[in-house]
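Reviewing the structure listed below.
Protein chains: 2
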Amino acid sequence: MTDVPPSKWLVSVDDHIIEPPRVWLDRLPSKYHDVAPRMVRRGKEEVWLYEDKAVPTSGLSVAAGKRKEEFSPDPVTFDEMRPGAYDPAERVRDMDRAGILASVNFPSFPRFCGQVFWEAKDKELALLCVRAYNDWMVEEWCGTAPGRLIPLAIIPLWDPRLAAAELERVKAKGVNAFAFSENPEPLGLPTIHDPNGYWDPVMQAANDLEMVVCMHVGSSSTMPQISTQAPHLASLTWGANRTSGAMLTWLFSSYLQDLPNLKICLSEGNIGWIPYFLERAEQVLDKQRHWAVTGAMKSYTANFGYPDQGKIKEADPMRLDVRATFRDHIYGCFIDDVAGIRCLDLIGEDNVMVETDYPHSDTTWPNSIEHLSKLVGHLPEQTQYKIRRGNAERLFQFTAVEPAGAA
Amino acid sequence: MTDVPPSKWLVSVDDHIIEPPRVWLDRLPSKYHDVAPRMVRRGKEEVWLYEDKAVPTSGLSVAAGKRKEEFSPDPVTFDEMRPGAYDPAERVRDMDRAGILASVNFPSFPRFCGQVFWEAKDKELALLCVRAYNDWMVEEWCGTAPGRLIPLAIIPLWDPRLAAAELERVKAKGVNAFAFSENPEPLGLPTIHDPNGYWDPVMQAANDLEMVVCMHVGSSSTMPQISTQAPHLASLTWGANRTSGAMLTWLFSSYLQDLPNLKICLSEGNIGWIPYFLERAEQVLDKQRHWAVTGAMKSYTANFGYPDQGKIKEADPMRLDVRATFRDHIYGCFIDDVAGIRCLDLIGEDNVMVETDYPHSDTTWPNSIEHLSKLVGHLPEQTQYKIRRGNAERLFQFTAVEPAGAA
Numbered sequence: 001m002t003d004v005p006p007s008k009w010l011v012s013v014d015d016h017i018i019e020p021p022r023v024w025l026d027r028l029p030s031k032y033h034d035v036a037p038r039m040v041r042r043g044k045e046e047v048w049l050y051e052d053k054a055v056p057t058s059g060l061s062v063a064a065g066k067r068k069e070e071f072s073p074d075p076v077t078f079d080e081m082r083p084g085a086y087d088p089a090e091r092v093r094d095m096d097r098a099g100i101l102a103s104v105n106f107p108s109f110p111r112f113c114g115q116v117f118w119e120a121k122d123k124e125l126a127l128l129c130v131r132a133y134n135d136w137m138v139e140e141w142c143g144t145a146p147g148r149l150i151p152l153a154i155i156p157l158w159d160p161r162l163a164a165a166e167l168e169r170v171k172a173k174g175v176n177a178f179a180f181s182e183n184p185e186p187l188g189l190p191t192i193h194d195p196n197g198y199w200d201p202v203m204q205a206a207n208d209l210e211m212v213v214c215m216h217v218g219s220s221s222t223m224p225q226i227s228t229q230a231p232h233l234a235s236l237t238w239g240a241n242r243t244s245g246a247m248l249t250w251l252f253s254s255y256l257q258d259l260p261n262l263k264i265c266l267s268e269g270n271i272g273w274i275p276y277f278l279e280r281a282e283q284v285l286d287k288q289r290h291w292a293v294t295g296a297m298k299s300y301t302a303n304f305g306y307p308d309q310g311k312i313k314e315a316d317p318m319r320l321d322v323r324a325t326f327r328d329h330i331y332g333c334f335i336d337d338v339a340g341i342r343c344l345d346l347i348g349e350d351n352v353m354v355e356t357d358y359p360h361s362d363t364t365w366p367n368s369i370e371h372l373s374k375l376v377g378h379l380p381e382q383t384q385y386k387i388r389r390g391n392a393e394r395l396f397q398f399t400a401v402e403p404a405g406a407a
Numbered sequence: 408m409t410d411v412p413p414s415k416w417l418v419s420v421d422d423h424i425i426e427p428p429r430v431w432l433d434r435l436p437s438k439y440h441d442v443a444p445r446m447v448r449r450g451k452e453e454v455w456l457y458e459d460k461a462v463p464t465s466g467l468s469v470a471a472g473k474r475k476e477e478f479s480p481d482p483v484t485f486d487e488m489r490p491g492a493y494d495p496a497e498r499v500r501d502m503d504r505a506g507i508l509a510s511v512n513f514p515s516f517p518r519f520c521g522q523v524f525w526e527a528k529d530k531e532l533a534l535l536c537v538r539a540y541n542d543w544m545v546e547e548w549c550g551t552a553p554g555r556l557i558p559l560a561i562i563p564l565w566d567p568r569l570a571a572a573e574l575e576r577v578k579a580k581g582v583n584a585f586a587f588s589e590n591p592e593p594l595g596l597p598t599i600h601d602p603n604g605y606w607d608p609v610m611q612a613a614n615d616l617e618m619v620v621c622m623h624v625g626s627s628s629t630m631p632q633i634s635t636q637a638p639h640l641a642s643l644t645w646g647a648n649r650t651s652g653a654m655l656t657w658l659f660s661s662y663l664q665d666l667p668n669l670k671i672c673l674s675e676g677n678i679g680w681i682p683y684f685l686e687r688a689e690q691v692l693d694k695q696r697h698w699a700v701t702g703a704m705k706s707y708t709a710n711f712g713y714p715d716q717g718k719i720k721e722a723d724p725m726r727l728d729v730r731a732t733f734r735d736h737i738y739g740c741f742i743d744d745v746a747g748i749r750c751l752d753l754i755g756e757d758n759v760m761v762e763t764d765y766p767h768s769d770t771t772w773p774n775s776i777e778h779l780s781k782l783v784g785h786l787p788e789q790t791q792y793k794i795r796r797g798n799a800e801r802l803f804q805f806t807a808v809e810p811a812g813a814a
C-alpha cells in the first residue's frame with residue numbers, strides 16, 4: 001500500500017483486463033462451448049480458441065511488475081502474469097499499492113473495441129459473446145469493487161441498431177462508457193463520415209444516454225509503419241499518429257457539431273501532440289476553408305489523385321470552432337508526458353485525465369501516484385485535482401470510493 | 408519596406424520558387440527542346456510540359472498577397488501571381504517588405520526533392536535537367552542577390568553515385584544544402600535503412616562535404632489521409648505526420664550514429680509535435696529496447712503480420728541517445744507555432760529556425776517579421792537571435808547580407 005492517503009489517489013481511465021478463462025463459457029449455452037472463446041493449453045502455450053482463431057497473450061500485455069529485461073512480445077501463460085491482470089480482487093490490491101483509486105479497463109482477447117467479434121463468422125454467437133463480456137464486466141469485474149472498477153462496454157460493431165440497443169441495455173446496469181474504433185475503415189467498417197450515416201444510431205444513443213465514446217490507440221487494428229524498413233522502435237514511437245488522426249477526423253465530423261452531449265475519449269494516445277494539432281487545425285481552417293466549400297475542391301483532389309468522396313458527413317467548416325468543439329467534446333489522457341503538461345492551458349485543464357496502463361509494458365505501476373506527482377505536482381491544487389480524479393469522475397459519471405482504513 | 412531595421416530581420420529556411428519558363432530551355436542542347444521541361448499556354452491555362460507530363464501551377468502555391476477568399480487549388484498563370492514568385496530581383500523586394508533577410512528556396516515543377524526527374528523515362532536527359540536546375544539556382548536565382556538568396560540543390564535520386572558527384576560539383580559553387588525525400592519508399596526508391604546501403608554514397612558525401620539534408624514535408628509525394636472519407640481539412644491538418652515519421656526513422660537510423668557531420672533539416676514540418684515525439688522516443692527506447700535486440704522481435708512482427716525486414720541499417724538501440732542525436736543532427740523550423748515555442752527548451756534553442764513559406768498559402772508574408780516578433784518576442788534576446796537568424800546561418804554556412812540604406 002502506498003504511503004499517499006487515498007484522498008490523493010488517482011483515477012486511471014485506461015487500464016487493461018486479461019480476461020479469465022471462463023468469461024464466455026460461464027455465460028453461453030453449452031451448445032456453443034466448442035466454438036465460443038475458451039482458453040486451452042497447447043504444449044507450453046495457453047491460447048484463446050474462438051471459431052478458427054488461436055490467440056496467445058503477448059508478454060507486452062502483462063509486463064506489470066517485471067523488469068525491462070524480463071518482458072518481451074513472446075507469449076505468456078497465466079502463471080507468468082500478476083493475478084491483478086485477470087482477478088478483480090487482486091487488481092484492487094495492486095491499485096491500492098500504486099495509489100490508483102479507480103480504473104477503467106479495456107478488453108484484451110476481444111481487442112480494444114471488440115474487433116474479434118466483428119471478424120467472427122457466426123454473428124448470432126458473436127452478439128451473445130458481446131453481451132456476455134458486458135455482463136461479466138458489470139457483474140464480476142466491476143461488481144467486485146463498485147466505485148473502484150468502472151465499467152466499459154463493447155458493442156456489436158456490425159449492426160449499429162443492435163449496438164444502440166446494447167448501449168441502452170448496459171446503461172440500465174450503470175455503464176456510462178463504451179469502446180469504439182479510432183478508425184473503423186481498416187476494420188472494413190464504414191467511417192464516421194459515411195454518407196449513409198452508418199454510425200448514426202450508435203452516436204445518437206451515445207448522445208442521448210450520455211455514454212462516452214472511448215477510442216483506444218490501436219483500436220483500428222493497425223500498427224503505424226513509417227516505412228516497411230523503418231526500425232520497429234521508430235514506428236512504435238510513432239503510435240500516437242492513430243490518435244491524432246482520430247481526434248482530427250472527429251473534430252471535423254458532423255457528429256460533434258450536431259450532438260451536443262456526445263463526448264469522445266482518446267484512450268492511451270497521450271496528449272503532448274494535442275496543442276500542435278489543435279493550433280494547426282485552426283490555421284488550416286482559417287486559411288483553407290474558403291476554397292474547401294467551393295468547387296475548387298475538385299482541383300485539390302485531382303491534383304493528389306484522390307477518388308471523389310461523394311457527400312460525406314462532415315462539419316460545416318464555416319461555422320466550425322476548433323477550440324470550442326475540443327473543449328465541449330474531446331478528452332485526452334496521458335501516462336508520462338512532460339510536453340503535454342507544459343502546454344496544459346493550450347489543451348484545457350478540464351479535458352485531460354491520467355492513466356496507468358496496467359498491466360501493459362508502458363505502465364507506471366507500482367509507482368503510479370508518485371510518478372504523477374512528479375509530472376503535475378507544480379500545478380495549482382485545483383488543477384491537480386481535476387487531472388488526478390475530478391475530470392474522470394465527471395466524464396465517466398461516478399464517484400470514486402476511497403478504501404476505508406487505508407494509509 | 409518594413410519599419411523593422413535589417414539587423415532585426417529573419418532568415419527563412421523554407422520558401423518556394425516558381426521556376427520561370429526558360430530554366431531548362433536556356434541550358435539544354437536544342438535537340439532536347441521538345442521534351443525538356445517547358446512552359447506552354449493551353450487555352451486559358453499555362454502548363455509545364457515534360458516528356459508525357461502536363462503540369463499546371465496550383466493556386467495554393469502562389470497565394471502570397473491574396474486574400475483567403477481569393478486563392479484556391481485551381482490552376483493559375485504567371486499573370487495571376489506576384490512576380491516575386493519567379494523573379495529573384497522581385498523576390499528580394501518582397502523580402503525587404505516583410506523583413507526577410509535571407510531565404511532558402513525549394514523547387515516547384517521538379518517537386519520538393521526533384522521527384523519529377525526520378526520519374527522521367529530518359530534518365531540521361533533527367534540528369535541534365537537536375538544539373539540545369541542547380542546551375543540556374545546558383546547563377547541566376549542566388550547570383551542575383553548573394554547573401555540574400557541561399558542555394559539549395561537537387562540530386563539525381565536514381566543514382567546515388569551520380570548524386571554524390573553532383574553534390575561535389577555544386578559544393579564547389581558554394582551550395583551547402585540539398586533536397587532529399589522525407590520518405591523515399593512511396594517514390595519507389597530504397598529507404599535510408601536499405602540493407603544494401605543504397606543511400607550510402609549520398610549520405611557519406613553529405614557528411615564529408617558538410618551539406619545539409621533538407622526534407623520538405625510532402626517530398627514523399629504523399630498526402631496523408633486519415634481515411635478515404637475523412638474531411639480534406641482534417642487530413643490537411645494531419646500533414647506534419649510525414650515529418651514526424653521522417654524525424655523518427657532518421658533518429659533510429661545508422662546514418663546519424665555513424666556520420667558525425669551529417670545534419671538533417673525538417674523543412675515545413677513545424678515543431679510543436681517534436682517535444683512529444685522526442686519524449687516518447689526516449690520512453691520506447693528505455694522500455695522496449697531490451698527485447699528489440701533479441702529474437703523476441705519475431706513474436707512482435709508475427710503478431711502484427713509484418714513481413715520480415717531482414718538486416719536493415721539501423722542504430723544500435725543499446726547505445727542510442729535520443730536527445731544527443733537530435734541535438735547534434737536534427738533541425739526543425741516553424742511558420743506559426745505557439746506550442747512549439749512554448750516547449751523550446753524541450754527541443755533545444757540551437758535546433759529551431761523560422762520560415763515564411765513564401766509564396767504558398769501558409770505564408771506569413773507580408774507581415775513575417777511582425778508575426779515572428781509576436782511568437783518569440785518574449786524570449787531572451789540571444790534566443791531570439793538564434794531562431795531568427797543565427798541557427799540558419801550556422802547550419803547553412805553563410806552570412807546574411809543586410810541591405811544597405813534600408814529602414
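Sequences listed follow chains A and B, in order. Anchor point for the first sequence: position 110 equals 110 in this note's numbering, and the numbering is continuous, going up by one each time. Just add 407 to wherever you are in the second sequence, counting from 1, and you've got this note's numbering. All residues carry an ideal CB built from backbone N, CA and C; glycine is no exception.
The beta carbon of Cys750(B) sits closer than 8 Å to some beta carbon of chain A. Proximity of the stretch 479-490 of chain B to the stretch 306-324 of chain A falls short of the contact definition, fewer than three beta-carbon pairs being nearer than 8 Å. Taken atom to atom, the span from the alpha-carbon of Thr243(A) to that of Pro428(B) is near 44 Å. In the three-state reduction of the DSSP assignment, Leu344(A) falls in the helix class, which pools H, G and I.
In the structure shown, Tyr331(A) adopts extended strand secondary structure according to DSSP, grouped into three states. The criterion of a C-beta distance shorter than 8 Å is satisfied by Thr770(B) and Ala471(B).
Around the beta carbon of Glu139(A), a 10 Å sphere encloses fewer than 16 other beta carbons of the protein chains shown; the residue is thus reported as exposed. The residues Leu782 and Val783, in chain order, have a CB closer than 7 Å to that of Ile748(B) in the same chain once the five nearest residues on each side in sequence are set aside. A distance below 6 Å between beta-carbons, with the five flanking residues on each side excluded, links Gly348(A) to the following residues of its chain, in chain order: Arg327. Here Ile507(B) is bridged, per DSSP, to Leu417(B). One Cα belongs to Lys415(B), the other to Pro380(A), and the distance between them is close to 38 Å. Secondary structure note for Pro201(A): its alpha helix (DSSP H) is the uninterrupted segment Asp200 to Leu209.
The beta carbon of Leu669(B) is closer than 8 Å to those of Met610, Ala613, Asn614, Val620, Tyr662, Leu663 and His736 in its chain, skipping five residues each way along the sequence. Contact annotation: Phe304(A) and Pro638(B) have beta-carbon atoms that are not nearer than 8 Å. Taking C-beta separations shorter than 8 Å and ignoring five residues to either side along the sequence, the partners of Asn241(A) in its chain run Pro224, following chain order.
Using a Cβ-Cβ distance cut-off of 8 Å, the stretch 129-149 of chain A and the stretch 82-98 of chain A are in contact, since at least three pairs of beta carbons, one from each stretch, lie closer than that value.
Residue burial annotation: His623(B) is buried, with at least 16 other C-beta atoms found within 10 angstroms of its C-beta. The continuous alpha helix (DSSP H) containing Phe524(B) extends over residues Gln522 to Trp525. Taking C-beta separations shorter than 7 Å and ignoring five residues to either side along the sequence, the partners of Ser768(B) in its chain run Leu467, Ala470 and Phe478, following chain order.
Pairing Asp316(A) with Asp286(A), the inter-Cα distance amounts to about 13 Å.
Secondary structure note for Arg38(A): it is in no alpha helix (DSSP H), and the uninterrupted beta strand (DSSP E) holding it is Arg38 to Arg42. With a threshold of 8 Å between beta carbons, Pro146(A) makes no contact with chain B. Counting only unbroken stretches of 3 or more residues, the beta strand (DSSP E) elements lying wholly within the stretch 535-617 of chain B are 584-587, in sequence order.
Residue pairing by DSSP places Phe513(B) opposite His423(B) in a beta bridge. Residues of the same chain with a CB within less than 8 Å of the CB of Leu564(B), apart from the 5 flanking positions on each side, are Cys520, Gly521, Gln522, Phe524, Trp525, Ala570, Ser588, Pro591, Leu594 and Leu596 in chain order.
Each of Phe516(B), Pro766(B), Cys750(B) and Cys740(B) was checked against the Cα of Met760(B), and the nearest Cα belongs to Cys740(B). The C-alpha of Ser220(A) is placed about 20 Å away from the C-alpha of Ser706(B).
Of all alpha-carbon atoms in Leu534(B), Thr635(B) and Gly679(B), the one lying nearest the alpha-carbon of Tyr738(B) is that of Gly679(B). Around Asn270(A), the beta-carbon contacts reaching into chain B at under 8 Å are Tyr683 and Arg687. Interface annotation, Gly652(B): in contact with chain A, CB-CB separation under 8 Å.
Note: Tyr358(A) is not bridge-paired with any residue in the DSSP secondary-structure output.
With 16 or more other Cβ atoms from the protein chains shown falling within 10 Å of its own Cβ, Gln229(A) counts as buried. Beta bridge pairing from DSSP links Val352(A) with Gly332(A). As a beta-bridge residue in DSSP terms, Thr57(A) pairs with Val76(A). In the displayed model, Leu266(A) falls within a strand according to three-state DSSP. Met297(A): not part of any beta strand (DSSP E); member of the alpha helix (DSSP H) spanning Met297 to Asn303, first to last residue.
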